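I have placed the structure first, in the form of structure tokens, so that the comments after it can refer back to it.
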Amino acid sequence: MTGRAIIEIENLSHTYMKGTPMEHVALKGTNLYVEEGECIAIIGHTGSGKSTLIQHFNGLMRPESGKVIIDGLDLSKKKVDLKTLRQRVGLVFQNPEDQIFEKIIGDDIAYGPFKLGLPLKEVRDRVKWAMSVVGLDFEEMKDRQTFALSGGQKRKVALAGILALKPKILVLDEPTAGLDPRSRNELLDKIKRLNKEEKLTVVFVSHNMEEVAMLADRVYVMAGGTDVLSGTPKEIFTDKEKLQQHQIGTPETVQVLYRLTDLGYQVNLDAFSINEASEEITKLLVGKKEGCRHVQRI
Amino acid sequence: MEPIIRLENVSFSYKINEKTKVPVLRNISFSIFPGEYVAIIGHNGSGKSTLSKHLNGILTPENGDVWVHGHNTKDSNRKRDIRQSVGTVFQHPDNQIVATIVEEDVAFGLENISVPREEMRQRVDEALNVVKMSPFRHRPPHLLSGGQKQRVAIAGVLAMQPDCIVFDEATSMLDSFGRKEVLQVMRKMNNMGMTIITVTHHMAEAAEADRIIVIEGGQIVMDGPPREIFQHKQELENLQLVVPSVSQMAEIIHNQFSDFSKDLIQENELIVEVEKFIIGEEVS
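First to last, the sequence lines map onto chains A and P.
Start counting the first sequence at 297; every next residue gets the next number (this note's numbering).
Start counting the second sequence at 1252; every next residue gets the next number (this note's numbering).
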């Protein structure tokens, strides 16, 4: 992280169908701040404004009121260089089938780079690279038809199409929903590597708390169209009161540890991974064992 | 006992163009019996969604037959009966919710089959009760949380009084709160005698079922109770699947304490085992 702000959102509001009986306030006074190279998770229930918020990142929506500055580009100004903006911000939607339109996988992934006017060889290299990142075999898959893909494979193609644009900021809406466990883990590893090694800034929306715990440097919790809470996964997942107040779930591992503390056992709640959580329980069992011996000795 | 659903040598492929076809299901045979709670798991592209669409005739087999209560799903005259006995809850509740008020949405299917008004009231009340959404009956669905919406979608299917409900990745868009709500409803309906089939990527969810069918390359590769299936950790990993987090934790703890059971698949079991272990130690 460089300490340089790449996304600054201040007091952002948006109302759908304003002035009609269908009027619906989606965002009211949301703030969000992302440093270059950070990996940020946005969580919150359906209807909390997450999707509306991320559509502001690449100018699909313009601020109704409030400030949105993406990598130095001020979106509240009338004239914005949208082409540059969209080159810098890659957005992968929740339903990948929505953004695949070519018949052949290779063509679909190459579409963006071609539109950037890159030479053929560069396009081919980028397609190859993007496919390897998402775990699609280039030779085997490049000429396959897109409509015959399973949901999980479509998701990978959509992500590859965005990565091939080499954005500075990658925005993902529920990146792993519908993926099998191994594809999920592989994809999360890849995203983590892109974030850490290639310094790609990542913002993702997720309901999967394992994923949030594993990837995010910081978490924003959205409720009723505004950011109600933010902090590191550790700060968020160990604050029982806040978790209940906002009905936030926890990783399965943390759920087990919470239940043990409810029973009066002392365990650390910030053991997110399977190994860490097992370690916590092992420590508890060792402690009890020794405690007992101690009692017996007396 | 007569099966509710019986698949006999079912094969299916998607046609890519004139020459090439991608086979998705290969010669699958199995039966689902009344009152069963079955989870179907498999990696992306293994054919499980295509399979689930065969269970009430959304798709019909290219070769082989699917029988629902003895009716062939290829028999278009029986399609209505078949859909009425086997309902489906899809991944996105938004695709399944049609009305602007919760109770009207639940009543939608009943209106289509001209259920008398009084009976309709009663069925809607019951269905909303089972999914615990009665307090929300006059609300617009789009203001509900994902788990709540999915429960409304379930109520809509439930009101049709099917014998069996297929959940096609119905929890994959929900957070752990929403998922828990839906799982409780599934368990409750199963206890009421409903046959439940759930297609899922979530192993903790599959562990809740009484039987797991594992699909790979369009074929059944394992079929048995969860405890048995999840003992085959290596085989599952080869199939791009994993055992539930709880089982992984139990195994790690077992490696430290051989008395600690590694044969655990549900969160409750892990908690009980920890307590038993500690209390056992204190007694000795």
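Where a beta carbon is used, it is the ideal one built from N, C-alpha and C, also for glycine.
Source: prediction; values computed, not measured.
P/L1306 and P/I1447 do not touch by the CB rule: their CB atoms are close to 12 Å apart, not below 8 Å.
Under the Cβ criterion (8 Å, minimum of three pairs), the region 1484-1497 of chain P counts as touching the region 1450-1457 of chain P.
For the region 472-493 of chain A, residues whose beta-carbon sits nearer than 7 Å to a beta-carbon of chain P comprise A473, G474, L475, D476, P477, R478 and S479.
Straight through space, the alpha carbons of P/K1270 and A/I339 are spaced by roughly 46 Å. Of the other Cβ atoms in all chains shown, fewer than 16 fall within 10 Å of the Cβ of A/G560; this residue is therefore exposed. When Cβ-Cβ separations below 8 Å define contact, P/D1426 makes contact with chain A.
Neighbourhood of P/A1455 in chain A, by CB distance below 9 Å: E548, in chain order. Inter-residue distance for P/I1466 and P/I1279 is about 10 Å (C-alpha atoms, whole angstroms). By the neighbour-count definition (other C-beta atoms within 10 Å, threshold 16), P/I1364 is an exposed residue. Between the C-alpha atoms of P/T1422 and P/Q1342 there is a straight-line separation of about 7 Å. DSSP places A/F397 outside both helix and strand once states are collapsed to three, so it counts as coil. Under the Cβ criterion of 8 Å, A/N564 is not counted among the residues facing chain P. For P/M1473, the closest Cβ of chain A is not nearer than 8 Å.
Cβ-Cβ distances below 8 Å link A/I400 to K438, D439, R440, Q441 and T442 in the same chain, with the five nearest sequence neighbours on each side left out; the list follows chain order. The C-beta of P/F1528 has 16 or more other C-beta atoms within 10 Å across all chains shown, which makes the residue buried. Separation of P/L1395 and A/G343 (C-alpha to C-alpha, rounded to the nearest whole angstrom) is 8 Å. The distance from the Cβ of P/K1299 to that of P/G1308 is about 17 Å, inconsistent with a contact at the 8 Å cut-off. Taking 8 Å as the cut-off, the beta carbon of P/F1428 is found closer than this to the beta carbon of A/G545. Burial is judged here by how many other beta carbons sit within 10 angstroms of a residue's own beta carbon; A/Y516 has at least 16 and is buried. By the 16-neighbour rule on beta-carbons within 10 angstroms, A/Q551 is buried. In summary, the residues of the region 1383-1413 of chain P whose CB is separated from some CB of chain A by less than 8 Å are H1393, L1394, L1395, S1396, G1397 and K1400, in the order they occur in the chain. For the pair P/V1275 and P/F1263, the CB atoms are nearer than the 8 Å cut-off. For the region 1513-1527 of chain P, the set of residues with a beta-carbon nearer than 8 Å to any beta-carbon of chain A comprises E1518, L1521, I1522, V1525 and E1526, in chain order. Here P/V1261 is not near P/I1464, since their CB atoms are 8 Å or more apart. If you compare the alpha carbons of A/P409, A/K373 and A/E398 with that of A/G386, the shortest gap goes to A/P409. Put simply, the backbone Cα of P/M1500 is about 19 Å away from that of A/F533. For A/S347, there are no neighbours in chain P by C-beta distance under 9 Å, as the nearest C-beta there is about 12 Å away. Straight-line measurement puts the Cα of A/D394 at about 29 Å from the Cα of A/S361.
Residue-level contact check: P/N1346 does not touch chain A, since none of the beta carbons of chain A fall below 8 Å from its beta carbon. If you draw a 10 Å sphere on the C-beta of A/S574, you find 16 or more other C-beta atoms in it, and that means buried. In the structure shown, the three-state DSSP call for A/G345 is coil.
Restricting attention to alpha helix (DSSP H) runs no shorter than 4 residues, the region 1279-1364 of chain P encloses them at 1299-1305, 1330-1336 and 1353-1363, ordered along the chain. By the CB criterion at 8 Å, A/L475 and P/H1452 fall inside the cutoff. Between P/L1492 and chain A, the shortest Cβ-Cβ separation is below 8 Å. Rounded to the nearest whole angstrom, the C-alpha separation of P/G1321 and P/I1256 is 8 Å. For P/I1471, no alpha helix (DSSP H) run applies; the uninterrupted beta strand (DSSP E) run containing it begins and ends at Q1470 to G1475, by DSSP.
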